[in-house]
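The listed protein sequences correspond, in order, to chains A and B. The numbering of the first sequence is this note's numbering, which starts it at 647 and goes up by one. The numbering of the second sequence is this note's numbering, which starts it at 192 and goes up by one. Beta carbons: idealized from backbone N, C-alpha and C, even for Gly. One structure is given here, and the rest of the page talks about it.
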Amino acid sequence: MDENALWFDDYSCGLAAIAKQPTAMIKEIKHATALARRFNDEVVNKRSLEIDDELDRNPDALPHDWVRQALEWGLYTNWIPKIFGGRGYCFPSLSHFLEEVSSSCLGMANLIGSHYLGIAGVMSTGNLAVLQWLCEDMAESHKRGESCLASFAITEPSSGSDTASADLIDRGSISCEAKKAPGGYILNGTKIFISNAHFATWHMVLAFEDIRNPSSTAVFCMVRTGTKGFVIGKKEDKMGQRACPASELIFTDCFIPDKQVCLSPHMVKGINKPYRDIYQDVFDDLCSISRAGVCALGTGVARGVYNDTLKLVEETSTTDGWLINQEWVQMKLADMLKNAAVSRLIYNEVNHANSIYGLFKPLQTKPLYYLSKLLPTGWLAKLTRMIVKWPLVPYLFQKDQLGRRPEIYRQRTSGWASLAKFAGTDAGVENCEIALQILGESGIRHANRVEKHLRDARLLPIYEGTNQMNRLDLFKNFIGRNSRHVSMYSD
Amino acid sequence: MMKSSKDQEAALLEKTAREFARKTLIPDIHETDRYPHGPFFHDALKIAFESEFLHVSLPETLNGMGWKLKPLCILLQNISRVDASMGSVLLSNAAAQELMLAAGAESILADLVSQDMAATDFLTAFPLFSHPNEKAIQVAAQLRNGNYQLAGTADYMVPGPIAGRYLVPARTSKGFSYFLVDAKNKNAVSGAPIKSLGLHACPAADIAFSNADGILIGREDEGAHIFSKMHEKMMIAAAAAALGIMQASLDDALKYASTRMQGGRKIIEWSELSGMVGQMAVMTKTAGMLLQKAVSDADAKDTEWAVQGFAAATRILSDACTVSTLGVQVLGGYGYMRDHLQEKRFRDSRHLQSVFGAPGRRAIHFLNQFNKSNRK
Ligand SMILES: Cc1cc2nc3c(=O)[nH]c(=O)nc-3n(C[C@H](O)[C@H](O)[C@H](O)COP(=O)(O)OP(=O)(O)OC[C@H]3O[C@@H](n4cnc5c(N)ncnc54)[C@H](O)[C@@H]3O)c2cc1C
Chain A
647 MDENALWFDD YSCGLAAIAK QPTAMIKEIK HATALARRFN DEVVNKRSLE IDDELDRNPD
707 ALPHDWVRQA LEWGLYTNWI PKIFGGRGYC FPSLSHFLEE VSSSCLGMAN LIGSHYLGIA
767 GVMSTGNLAV LQWLCEDMAE SHKRGESCLA SFAITEPSSG SDTASADLID RGSISCEAKK
827 APGGYILNGT KIFISNAHFA TWHMVLAFED IRNPSSTAVF CMVRTGTKGF VIGKKEDKMG
887 QRACPASELI FTDCFIPDKQ VCLSPHMVKG INKPYRDIYQ DVFDDLCSIS RAGVCALGTG
947 VARGVYNDTL KLVEETSTTD GWLINQEWVQ MKLADMLKNA AVSRLIYNEV NHANSIYGLF
1007 KPLQTKPLYY LSKLLPTGWL AKLTRMIVKW PLVPYLFQKD QLGRRPEIYR QRTSGWASLA
1067 KFAGTDAGVE NCEIALQILG ESGIRHANRV EKHLRDARLL PIYEGTNQMN RLDLFKNFIG
1127 RNSRHVSMYS D
Chain B
192 MMKSSKDQEA ALLEKTAREF ARKTLIPDIH ETDRYPHGPF FHDALKIAFE SEFLHVSLPE
252 TLNGMGWKLK PLCILLQNIS RVDASMGSVL LSNAAAQELM LAAGAESILA DLVSQDMAAT
312 DFLTAFPLFS HPNEKAIQVA AQLRNGNYQL AGTADYMVPG PIAGRYLVPA RTSKGFSYFL
372 VDAKNKNAVS GAPIKSLGLH ACPAADIAFS NADGILIGRE DEGAHIFSKM HEKMMIAAAA
432 AALGIMQASL DDALKYASTR MQGGRKIIEW SELSGMVGQM AVMTKTAGML LQKAVSDADA
492 KDTEWAVQGF AAATRILSDA CTVSTLGVQV LGGYGYMRDH LQEKRFRDSR HLQSVFGAPG
552 RRAIHFLNQF NKSNRK
């Protein structure tokens, strides 16, 4: 393929999306941002420092009132498509919403983001049937005033970075086993560091039929809290993002019925690809969505700390006059604003890529988008329920998603998402560091929020793949694919 | 070759500091790092006091080790390798003592060391994290009937909530001066311990003065001059504490990366990761060399010691932040958890970086000092 044409297409997703995306999305994004602002004003800003302090005092406590308040604001169902009974906000607006909430409290933003990560996990397996009943369960619970959150559980004590790569996981050491049993699977093993685990009703769990050959035998399944043989273990005592607990999941002969299995080696008949490649594609598709979200978290903290720093700088008088009039400070503030603005551009680009090449495409093509806006939710959900019952539809949907998407599309969404993940999160952390450079002692006081931003932000370069692994993913998707002699993880 | 008695003394002090850190700080470190939600390390401080760690930078006449930087730096480096909070309590106290010595207030210190008192009563709180040229000073001193009285609030005094007295900068007729105020003075009220980024067990508080009597330290309006004399020495001491954090980060990163397996091999065998640990090692070793040179030049009163020491300290304090960040990243998710001390080092290094003012302004302060020294 012509290299220059490829370069243009790879790095101009936003331009390509202009004509293809419904313009009403812009209004929706503005609406989501305004909602987040109100949520910050009425809920988050009032409690974030207090909750951080309470959980420092008592690390085992769980901030149930936060979960409850987000539920009352409808935040766990707003981004569930209307065809599944949710409010059907477009997916790109979630990034903007998360950015806004992160500018106040990353812990709260991660709590909401991790819930949608669990749902995105199911989406990336292409299993329409599971997606349908899971989302309906969430929407129904919400109507009853009960929270029904999701978590996404792949990390194990001995497998962190390895998990998202078929190459690495096959050389690594895995312990979470899924043994085939009549009518389902029996799970044994442990997951760690799982965000939201203590609050979630549904956990998207990755286990393996053969732990010596994991990528070819992976089983993605949904486990409900309270299932026999499943307990939530230790809650981690973290440096930051305390409002969003991270915990251990322990499975001991835990039976999972077939209905709750999203993807297994037995479900891909007719897809002309080794299961190992499908495993990789599922992760690439998932990360294409989730890493845009994490970039938005980075952007949010970059903005939040910029706002708080500016306020403190405006109030500070020095022996040389107002701090805001010192050139070195003006330059640093300019850098902070640049970091926030550039990060936002980047996650927008990932969303554009996902809208035209990735998993957002089906719901964001103009006819479907407008149809879903016009028709009532109850009607759409009923129709979906009926269609999904007909086994051919989920089969064809999954086959299309996992088997037919051109490789270059996946490289584009995945490449951009990796770039966004490390660029946006590095920018978030960098802004916190710049704030400390400017503020000195007022920056290190908890009451001034800057130090909390830093503690919260420091998690961003670790989860959703460390920033090192994301750089390697960018290399793989955009650089290595055109270079000679390339093989990954072989030095 | 025979070791000189000075070398032997240094080696003994290093051994004592390490033993102290190992036996008295490590066992409770997770609890004391929760202060004020957890306990204060009173017992450890008492042992530090009885071991004369709080006198170490004083002249021999005041039970010190000859008014030198080396003993203080040995202590701070080795103690901060385990817990920079204790290091910073010692640093703040030493900064206050140094300032009094620079102001010629030796008799006040003599009076203090001659008394029998508890460790906390011996401590003098000081605004360790501010620079008088940065934020405008909020305390004013007025001479009434031959006595100075202070009014206003002194921000972030360390270790304000527990100290026996405060050494406070206050505005005077043509500039500012330092004053000593007894913590028992009912017109000097300490706020609650300030919740902060790091150094949790080194408590800070804002102290409100309402016409509290203060003793002038040095001469009126001489504050800037005596601050600068203290500052050039104590920046080097702060860098010693930062070096301790770097060494501990490197130790843990090396240990973890040599055992943690990912992708079927020890993570240190991935060239990217080995480069990260290598960078930590380069910075730590360089910091060690810089510090050694800065300390020996300072103690020998080498002509260039002050500027060179400031430059070295600036580099070390900043590199400690880089090294502790790399340390967190090497440990992955485990590095973010409080069970592992790397997240504490990450916080402490940034907190310490703000010693004597905003790190972003440090290069400007340095240039002023550099120009002054060139003019001489
Ligand atoms: C608070 C928190 C919340 C989390 N939430 C979730 C969640 O909801 N769900 C979930 O499944 N997981 C979650 N995680 C786990 C997170 O995704 C992992 O921590 C992350 O993937 C890194 O894995 P690890 O911690 O095992 O580090 P390791 O994989 O052990 O990495 C250690 C270091 O080695 C480097 N390294 C490893 N392999 C290589 C290689 N091949 N080449 C170069 N360098 C390498 C890494 O970059 C890192 O610097 C969470 C983690 C935390 C801390």
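**Asked** Using 9 Å as the limit for Cβ to Cβ distance, is Pro-705 (chain A) near chain B?
**Response** Residue 705 (chain A) sits at position 59 when you count from the first residue of the first sequence. Taking Cβ atoms only, chain B reaches closer than 9 Å to Pro-705 (chain A), which makes this a yes.
Starting from Lys-837 (chain A), trace the beta strand (DSSP E) both ways and give me its first and last residue.
-> Numbered from 1 along the first sequence, position 191 holds the residue referred to as residue 837 (chain A). Where Lys-837 (chain A) is concerned, the enclosing beta strand (DSSP E) stretches over 830 to 841.
Return the chain-ordered list of same chain residues with a C-beta closer than 8 Å to the C-beta of Ser-804 (chain A), the five sequence neighbours on each side being excluded.
Along the first sequence, one-based indexing puts residue 804 (chain A) at 158. Gly-818, Ser-819, Ile-820, Ser-821.
* Members of the region 961 to 986 of chain A near chain B, C-beta cut-off 9 Å -> Thr-962, Ser-963, Thr-964, Thr-965, Asp-966, Leu-969, Gln-972, Trp-974, Val-975, Lys-978
Check: Is any heavy atom of ligand 1 found at a distance shorter than 8 Å from the C-beta of Ile-840 (chain A)?
Finding: To locate residue 840 (chain A), count along the first sequence from 1; it is residue 194. True, at least one ligand heavy atom lies under 8 Å from that Cβ.
Rounded distance between the beta-carbons of Gln-453 (chain B) and Gly-731 (chain A), thought under 8 Å: As a first step, residue 731 (chain A) is located in the first sequence; it is residue number 85 there, counting from the start. As a first step, residue 453 (chain B) is located in the second sequence; it is residue number 262 there, counting from the start. Actually they do not touch by this definition, with Cβ atoms about 40 Å apart.
Open item on the list: Please tell me whether Thr-836 (chain A) and Ile-902 (chain A) are closer than 9 Å, where the distance is taken between their beta carbons.
Closed with: Walking along the first sequence from the start, residue 836 (chain A) turns up at place 190. Walking along the first sequence from the start, residue 902 (chain A) turns up at place 256. No, Cβ-Cβ distance for Thr-836 (chain A) and Ile-902 (chain A) is not below 9 Å.
Problem set entry | Cβ-based neighbour list, Arg-553 (chain B), same chain, cut-off 6 Å, excluding 5 preceding and 5 following | Working through the second sequence from its first residue, we reach residue 553 (chain B) at position 362. Answer for Arg-553 (chain B): Thr-505, listed in chain order.
*Give me whichever residues DSSP pairs with Lys-1007 (chain A) in a beta bridge.*
To locate residue 1007 (chain A), count along the first sequence from 1; it is residue 361. DSSP output for Lys-1007 (chain A) lists no bridge partner at all.
| query | Going along the chain, which unbroken runs of the alpha helix (DSSP H) with 4 or more residues stay wholly within the region 199 to 285 of chain B? | reply | Segments of the alpha helix (DSSP H) lying fully in the region 199 to 285 of chain B: 220 to 223, 233 to 241, 260 to 271.
| Residues of chain B with a CB under 9 Å from the CB of Lys-837 (chain A): which are they? | Counting from one through the first sequence, the residue named residue 837 (chain A) turns up at place 191. Annotation: Lys-837 (chain A) has no Cβ neighbours in chain B at a cutoff of 9 Å; minimum Cβ distance is about 12 Å.
is_contact[Cys-393 (chain B), chain D] using C-beta, thresh 9 Å: Any reference to chain D falls outside this structure, whose protein chains are A and B.
Glu-894 (chain A) Cβ short of 8 Å to ligand 1 heavy atom set
Locating residue 894 (chain A) in the first sequence gives position 248, where the first residue counts as 1. Incorrect: Glu-894 (chain A) has no Cβ contact closer than 8 Å to ligand 1.
Suppose you measure from the CA of Ser-462 (chain B) to the CA of Met-474 (chain B); what does that come to, to the nearest Å? For the purposes of this step, residue 462 (chain B) is taken as the residue at position 271 of the second sequence. For the purposes of this step, residue 474 (chain B) is taken as the residue at position 283 of the second sequence. So the two alpha carbons sit approximately 18 Å from each other.
List the DSSP bridge partners of Glu-802 (chain A). Numbered from its first residue, the first sequence carries residue 802 (chain A) at position 156. DSSP, once it has assigned bridges, lists A:Ser-805 as partnering Glu-802 (chain A).
TODO: Inspect the CB distances between the region 1063 to 1070 of chain A and the region 991 to 1002 of chain A and report whether three or more fall short of 8 Å.
DONE: yes
Q: Name, going along the chain, the residues of the region 527 to 549 of chain B whose beta-carbon falls closer than 8 Å to a beta-carbon of chain A.
A: Residues passing the 8 Å Cβ filter: Tyr-527, Met-528, Arg-529, Asp-530, Glu-534, Phe-537, Arg-538, Arg-541, His-542, Gln-544, Ser-545, Gly-548, Ala-549.
What is the residue span of the beta strand (DSSP E) that Phe-730 (chain A) lies within? For the purposes of this step, residue 730 (chain A) is taken as residue 84 along the first sequence, with counting starting at 1. It is not in any beta strand (DSSP E) - Phe-730 (chain A) carries neither H nor E in the DSSP assignment.
- Using Cβ-Cβ distances below 8 Å, what residues of the region 231 to 257 of chain B are close to chain A? none
message: On the CB-based measure, 16 or more other CB atoms within 10 Å of its CB, does His-849 (chain A) come out buried or exposed?
response: Here residue 849 (chain A) refers to the residue found at position 203 of the first sequence. Buried, since its Cβ has 16 or more Cβ neighbours within 10 Å.
Practice item. Label Thr-669 (chain A) either buried or exposed according to how many other C-beta atoms from any shown protein chain fall within 10 Å of its C-beta, with 16 as the threshold for buried. Key: Counting from one through the first sequence, the residue named residue 669 (chain A) turns up at place 23. Exposed: under 16 other Cβ atoms inside 10 Å.
Subject >> Uninterrupted beta strand (DSSP E) stretches inside the region 748 to 781 of chain A (no shorter than 3 residues) >> reply: Taken in chain order, the whole beta strand (DSSP E) runs of length 3 or more contained in the region 748 to 781 of chain A number zero.
Would Asn-1000 (chain A) and Ser-934 (chain A) qualify as a contact pair, given that the criterion is a beta-carbon distance under 9 Å? Sequence index remark: in the first sequence, residue 1000 (chain A) carries index 354 (1-based). Sequence index remark: in the first sequence, residue 934 (chain A) carries index 288 (1-based). For Asn-1000 (chain A) and Ser-934 (chain A), yes; Cβs fall inside 9 Å.
Next on the checklist: Are there any heavy atoms of ligand 3 lying less than 8 Å away from the beta-carbon of Met-769 (chain A), as far as the coordinates show?
Outcome noted: As presented, the structure is devoid of ligand 3, carrying ligand 1 as its sole ligands.
Report task. Return yes when the C-beta of Gln-470 (chain B) is under 8 Å from any heavy atom of ligand 1, and no when it is not. Result -> Locating residue 470 (chain B) in the second sequence gives position 279, where the first residue counts as 1. Because no heavy atom of ligand 1 lies under 8 Å away, the Cβ of Gln-470 (chain B) does not count as near it: no.
_Rounded separation between Phe-317 (chain B) and Ser-283 (chain B) - CA only_ = Start at 1 with the first residue of the second sequence, and residue 317 (chain B) comes out as number 126. Start at 1 with the first residue of the second sequence, and residue 283 (chain B) comes out as number 92. Roughly 6 Å separates the two Cα atoms.
Is any non-hydrogen atom of ligand 1 found closer than 8 Å to the C-beta of Ala-799 (chain A), if you look at the structure I gave you? Taking the first sequence and counting its residues from 1, one reaches residue 799 (chain A) at position 153. Yes; taking the cut-off as 8 Å, the Cβ of Ala-799 (chain A) has a heavy atom of ligand 1 nearer than that.
For the region 345 to 373 of chain B, which residues have a CB atom closer than 8 Å to at least one CB atom of chain A, in sequence order?
Residues passing the 8 Å Cβ filter: Asp-346, Tyr-347.
Assuming Tyr-357 (chain B) contacts Ile-398 (chain B) under a Cβ cut-off of 8 Å, what Cβ separation, rounded to an integer in Å, is found between them? Sequence index remark: in the second sequence, residue 357 (chain B) carries index 166 (1-based). Sequence index remark: in the second sequence, residue 398 (chain B) carries index 207 (1-based). With 8 Å as the limit, Tyr-357 (chain B) and Ile-398 (chain B) qualify as a contact, their Cβ atoms being about 6 Å apart.
Span of the beta strand (DSSP E), counted from its first residue to its last, around Glu-823 (chain A)
Here residue 823 (chain A) refers to the residue found at position 177 of the first sequence. First-last of the beta strand (DSSP E) with Glu-823 (chain A): 823 to 827.
Next on the checklist: Only counting the same chain, and skipping five residues up and downstream in sequence, which positions put a Cβ closer than 8 Å to that of Ile-675 (chain A)?
Outcome noted: In the first sequence, the residue the question calls residue 675 (chain A) occupies position 29. Cys-736, Pro-738, Ser-739, His-742, listed in sequence order.
_Between which two residues does the alpha helix (DSSP H) holding Phe-1043 (chain A) run?_
Working through the first sequence from its first residue, we reach residue 1043 (chain A) at position 397. Residues 1038 to 1045.
Exercise. Enumerate in chain order the residues of its own chain whose CB-to-CB distance from Thr-1030 (chain A) is below 8 Å, with the five nearest sequence positions on each side excluded.
Key: Here residue 1030 (chain A) refers to the residue found at position 384 when the first sequence is read from its first residue. Ile-729, Phe-730, Gln-778.
Exercise. Look up Val-519 (chain B) in the DSSP assignment and say whether it is helix, strand or coil.
Key: Counted from its first residue, the second sequence places residue 519 (chain B) at position 328. Of the three classes helix, strand and coil, the one that applies to Val-519 (chain B) here is helix, per DSSP.
Does the beta-carbon distance from Ala-439 (chain B) to Leu-532 (chain B) come in below 9 Å?
For the purposes of this step, residue 439 (chain B) is taken as residue 248 along the second sequence, with counting starting at 1. For the purposes of this step, residue 532 (chain B) is taken as residue 341 along the second sequence, with counting starting at 1. Closer than 9 Å, so yes.
_Secondary structure, alpha helix (DSSP H): runs of 4+ residues fully inside the region 849 to 883 of chain A_ = none
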